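Peer 1: Sharing a structure below in structure tokens format, with a few things to ask.
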Amino acid sequence: MLALITTPFSAAPFSIAAATKCRKVLVKCFKGSSSSEEDVGFPAFLPKEVENIKDPCARNLAKRIQRLPVQTSFSDGSIMSSCVKPLMQNDTAPVVLLHGFDSSCLEWRYTYPLLEQAGLEAWAVDILGWGFSDLEKTPSCSVASKREHLYQLWKTYIKKPMVLVGPSLGAAVSIDFAINHPEAVEKLVLVDASVYTEGTESLSTLPRPVAYAGVSLLKSIPLRLYANFLAFNSVSLDTSFDWVKVGRLHCLLPWWEDATVDFMISGGYNVSAQIGQTEQETLIIWGEDDQIISNKFAARLQHEMQNAVVHQIPDCGHIPHVEKPDSVAKCIVDFIQGMFQYTATLHKNVFFHDIGSYTHKDVSLDELSTVLLPQDFEIGIFIDIIAFGL
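Written out as structure tokens, the structure reads:
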């Protein structure tokens with residue numbers, strides 16, 4: 156059987172000096188904006204509650220959100236689609252950052268400035284139905300619609316094969332897109348991937364009134380605080396409350412419930428049978444202490460993909476790009492620049508390397524099909540369908 160052996164990546168080009176720069180970027184972010192940046196207001200289309208967010212990185216990124224017209228076959232006119240555009244485009248492969256279930260581009264508030272600092276052409280894109288796009292006419296928000304919308308946005312504005320980055324359910328979005336539009340995707344980065352759930356399962360058969368009642372819980376503060384408790388290793392209550400404000404901001408748009416119910420009833424993502432079809436070189440990033448989706452998924456996912464390497468981040472939960480942005484930025488930069496090295500060889504066992512601690516453990520091929528405990532699936536389904544907008 157084919158096994159991919161991962162090895163520690165080189166420190167270059169993300170050197171100590173570069174890491175110091177990243178820390179300075181984050182320190183500047185946390186200290187707040189300069190006077191000129193403070194003069195820039197929030198986009199008028201954002202809910203007014205954005206003013207209540209304290210997190211300076213979230214505030215800075217929110218001020219850069221734009222809406223771009225995207226024409227699709229399923230909408231009468233262009234959909235004004237929200238994203239954060241790069242300050243300038245260059246000749247390198249663009250990095251397109253998606254987000255998780257019921258979330259927004261603000262998920263990337265800490266990592267995005269680091270990628271920009273590294274000279275990458277970074278886009279943070281809201282998946283159709285979530286984020287801050289104008290959905291007043293409520294277009295279809297099914298898997299097919301999300302795929303077409305992303306493709307048309309890529310075709311109209313990005314125009315080059317991209318490095319597509321998908322965290323949590325965004326990993327399923329990325330795999331689905333890469334298989335259907337391989338010409339648009341040069342590489343994949345999957346972060347704590349939620350790719351083994353079978354869509355929205357029984358939720359797709361719920362009567363609409365019941366579905367709406369369930370969806371209304373998604374923006375409840377207690378539920379999102381509980382999601383923060385599961386997702387992060389150690390976050391103060393004050394910070395957690397502020398992150399809830401960031402995570403539920405898009406839920407305050409008037410069409411959010413309609414779009415979310417439409418997605419749920421459509422059946423959701425079910426890509427587990429397609430994972431082996433991906434041909435792109437893939438980086439799998441996983442928080443070592445993920446309490447939502449076990450890091451055992453990383454071994455199985457690496458084994459099932461054709462061309463994948465794994466990097467685990469120590470002392471990190473389900474959302475590394477929020478909890479450990481410097482580590483995620485380093486991984487992405489090194490991966491794009493070819494600094495990850497791996498070899499494909501035949502072995503009796505699959506060797507799964509834990510780069511975080513530079514150790515490895517053997518997982519037999521027979522164990523791969525059962526390495527994920529039932530409760531891992533249950534927790535993953537619960538959090539992705541019920542409460543994931545961090």
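Numbering (my numbering) for the sequence shown: 156 to 545.
We put the CB at the ideal spot given by N, CA and C, even for glycine.
From a predicted model like this one, the values you see are computed outputs, not experimental measurements.
1. Give me the Cα-Cα distance between Met460 and Ala414, rounded to the nearest whole angstrom.
2. Closest Cβ-Cβ distance between Gly423 and chain D: below 7 Å?
3. Which residue comes first and which comes last in the beta strand (DSSP E) that contains Ile491?
4. To the nearest angstrom, how far is the alpha carbon of Gly493 from that of Leu242?
5. Of all the alpha helix (DSSP H) runs that stay within the bounds of the segment 418-485, which reach a length of 4 or more residues?
6. With a threshold of 8 Å, are at least 3 pairs of Cβ atoms found where one atom belongs to the segment 443-455 and the other to the segment 471-480?
7. At 3 residues or longer, what runs of the beta strand (DSSP E) sit wholly inside the segment 254-321?
8. Is the closest heavy atom of the ligand ADP to the C-beta of Leu343 under 6 Å?
9. Determine the closest residue to Met419 out of Tyr265, Phe384, Pro364, with distance taken between C-alpha atoms.
10. Are Lys400 and Ile208 closer than 7 Å when you measure CB to CB?
11. Drop a sphere of 10 angstroms on the beta-carbon of Phe384, count the other beta-carbons inside from all chains shown, and report buried for 16 or more, exposed for fewer.
12. Checking the sheet assignment: what are the DSSP bridge partners for Arg219?
13. In the DSSP assignment, the beta strand (DSSP E) including Ile234 goes from what residue to what residue?
14. Measure the alpha-carbon distance for Gly423 versus Ile330 and round it to whole angstroms.
15. Distance check for Asp231 and Val344, CA to CA, integer angstroms please.
16. When DSSP labels each residue in this structure, what does Pro546 get in the three-state scheme?
17. Mind checking Gly402: buried by the 16 CB within 10 Å criterion, or exposed?
18. How far does the alpha helix (DSSP H) with Lys400 in it extend, from its first residue to its last?
19. What does the Cβ neighbour count give for Pro249, buried or exposed, with the cut at 16 atoms within 10 Å?
20. Kindly indicate which three-state DSSP category Leu380 falls into: helix, strand or coil?
21. CA-CA distance, Glu291 and Glu412?
22. Closer than 6 Å by C-beta to Val320: which residues in its own chain qualify, once you throw out the five before and the five after it? Chain order, please.
23. Out of curiosity, what's the CA-to-CA distance linking Ser349 and Cys486?
24. Could you tell me if Leu456 is buried or exposed, where buried requires 16 or more neighbouring beta carbons within 10 angstroms of its beta carbon?
25. Assign Val251 to one of three DSSP states: helix, strand, or coil.
26. Tell me the rounded alpha-carbon separation between Arg379 and Leu373.
27. Identify which residue in Thr293, Asn462, Pro377 has its Cα closest to the Cα of Ser395.
28. Give every residue of the same chain whose Cβ lies closer than 6 Å to the Cβ of Phe490, excluding the five residues on either side of it in the sequence, and list them in chain order.
29. With DSSP as the reference, please indicate the residues paired to Pro224 in a beta bridge.
30. Give the DSSP-derived three-state secondary structure of Val350 in the structure shown.
31. Going by DSSP in three states, Val370 sits in which element: helix, strand or coil?
32. Using the DSSP secondary-structure output, state which residues sit across from Lys342 in a beta bridge.
33. Does the distance from the C-beta atom of Asn425 to that of Glu478 stay below 7 Å?
34. Taking just the CA atoms, how far does Ser391 sit from Pro480?
35. Following the continuous alpha helix (DSSP H) through Ser329, name the residue where it begins and the one where it ends.
36. How close, in whole Å, do the beta carbons of Ser258 and Phe287 come, if the pair is a contact with beta carbons under 8 Å?
Peer 2: This is what the structure gives:
1. 31 Å
2. The chain inventory of the structure shown lacks chain D, comprising one protein chain alone.
3. Element bounds for Ile491: not the beta strand (DSSP E) but the alpha helix (DSSP H), 480-491.
4. 24 Å
5. Within the segment 418-485, the complete alpha helix (DSSP H) runs of at least 4 residues are 451-459, 475-478.
6. yes
7. 277-280
8. Within the structure as shown, the ligand ADP is missing, as the structure has no ligands at all.
9. Pro364
10. yes
11. exposed
12. Paired residues: none, contrary to the question.
13. It spans 234-239 - the beta strand (DSSP E) in which Ile234 sits, taken as one unbroken run.
14. For Gly423 and Ile330, the gap between their C-alpha atoms comes out near 14 Å.
15. 33 Å
16. Beyond the ends of the chain as shown, which are 156 and 545, falls residue 546; an answer cannot be given.
17. Result: buried.
18. 392-402
19. buried
20. helix
21. 11 Å
22. Leu252, Val344
23. 19 Å
24. buried
25. strand
26. Taking the straight line from one Cα to the other gives about 7 Å.
27. Closest option to Ser395, Cα to Cα, is Pro377.
28. Leu438
29. Its beta-bridge partners are Met235.
30. coil
31. helix
32. Val318, Glu436
33. no
34. 18 Å
35. DSSP places Ser329 inside the alpha helix (DSSP H), whose first and last residues are 324-335.
36. Between Phe287 and Ser258 the Cβ distance is about 11 Å, and since that is not below 8 Å, they are no contact.
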